[in-house]
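J.: Our numbering applies: residue 1119 is where the sequence shown begins, and numbers increase by one. From the three backbone atoms N, C-alpha and C, an ideal C-beta is built for every residue, glycine too. Could you have a look at this structure, given as structure tokens, before my questions?
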Amino acid sequence: MAVRSSALILIEFQREWLGEDGKIRHLMQDREQFESAIEGAIHALGVARQHGMPVVHCGLRFQKGYPELGQGLYGLRAVIPRVGTFPADGKGSQFVEPFIPKNNEFVVQGRIGGSGFAGSNLDAYLRNQRIDTVYLAGFALHVCVESTLRHGHDLGYNVVVLEDACAAFTPDQRKHVLEDVIHHYGGRITVDKFVSHIEGEKASA
1119 MAVRSSALIL IEFQREWLGE DGKIRHLMQD REQFESAIEG AIHALGVARQ
1169 HGMPVVHCGL RFQKGYPELG QGLYGLRAVI PRVGTFPADG KGSQFVEPFI
1219 PKNNEFVVQG RIGGSGFAGS NLDAYLRNQR IDTVYLAGFA LHVCVESTLR
1269 HGHDLGYNVV VLEDACAAFT PDQRKHVLED VIHHYGGRIT VDKFVSHIEG
1319 EKASA
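In structure tokens, the structure reads:
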């Protein structure tokens, strides 16, 4: 692993998912999977920060009235305005500890879709920083993480899912993504393997 040409992308470590008052926290039916993913992401983030791997915070933030989404009839474009999640001026879009961005970490702007690349400056940032490999952690595995995986692959990136730093709503959804989807678009590894790759690369430098 080349640490400087890789990045850890944290998808939606925001209050809507992680806060007790989050509007979509209840969707995580498999609480054990959810809590385990949070712990895995904390570990991955700590090691990435320690060893100087670029960290990217990829959240959602919408202006009042959700004009970015238009009059969507289906999917997230319909659900997000109806439920009122991730308002730019509200608590739901806030990042929470220990996932609050540091001054030297990149915060994605302009995202309007399931993929972290949709409408955002993520691709421009990665290319300008000469990053070719991205590691994904976050929520939900079968929605926005999967969308980012597919989109990143099609843009030419090496995309790797940190399988125990992501959570789907149910065990079956998780199993489907891990076993039936990921291998078409990228790779998957555990957080422990991610850590060993970073520490091994640093030791041999």
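Throw me the rounded Cβ distance for the Leu-1296 and Glu-1281 pair, which I believe falls under 8 Å.
T.: In the sequence shown, residue 1296 corresponds to position 178, counting from 1. In the sequence shown, residue 1281 corresponds to position 163, counting from 1. Right, their Cβ atoms sit about 6 Å apart.
J.: Given that a residue counts as buried once 16 or more other Cβ atoms are within 10 Å of its Cβ, and exposed if not, what is Val-1263?
T.: Taking the first residue of the sequence shown as position 1, residue 1263 is located at position 145. Val-1263 is buried by the Cβ-count criterion.
J.: Quick one: what does DSSP say Ser-1124 is sitting in, helix, strand or coil?
T.: In the sequence shown, counting from the first residue as 1, residue 1124 sits at position 6. Reduced to three states, the DSSP call for Ser-1124 is strand.
J.: Distance cutoff 7 Å, beta carbons only. Does Asp-1282 sit that close to anything in chain C?
T.: Looking at the structure shown, chain C is missing, and only one protein chain is on hand.
J.: Note down the Cα distance separating Glu-1223 from Val-1174, rounded to an integer number of angstroms.
T.: Within the sequence shown, the letter at position 105 stands for residue 1223. Within the sequence shown, the letter at position 56 stands for residue 1174. Near 6 Å, if we compare the C-alpha coordinates of Val-1174 and Glu-1223.
J.: Looking only at C-alpha atoms, which of His-1144, Thr-1308, Asp-1148 sits nearest to Gln-1291?
T.: Indexing the sequence shown from 1 puts residue 1291 at position 173. It is Asp-1148.
J.: Count the C-beta pairs between the region 1268 to 1288 and the region 1305 to 1313 that are closer than 8 Å, then say yes if the count reaches three, no if not.
T.: As far as the Cβ criterion goes, the region 1268 to 1288 touches the region 1305 to 1313, which means the pair count is three or higher.
J.: Is the Cβ-Cβ distance between Ala-1196 and Gly-1190 less than 7 Å?
T.: Numbered from 1 along the sequence shown, position 78 holds the residue referred to as residue 1196. Numbered from 1 along the sequence shown, position 72 holds the residue referred to as residue 1190. In contact: Ala-1196 and Gly-1190 (Cβ atoms closer than 7 Å).
J.: Which whole runs of the alpha helix (DSSP H) in the region 1122 to 1201 are 4 residues long or more, in chain order?
T.: List check, alpha helix (DSSP H) in window: 1133 to 1136, 1149 to 1168, 1193 to 1201.
J.: Exposed or buried, Ala-1242, counting other C-beta atoms within 10 Å across all chains shown (16 or more means buried)?
T.: As a position in the sequence shown, residue 1242 is number 124, starting the count at 1. When all chains shown are included, Ala-1242 counts as exposed.
J.: Could you pull out every residue in the same chain whose Cβ sits closer than 8 Å to the Cβ of Val-1112, ignoring the five residues on either side in sequence?
T.: Summary: the structure shown does not reach residue 1112, with the chain confined to residues 1119 through 1323, and so no result is reported for it.
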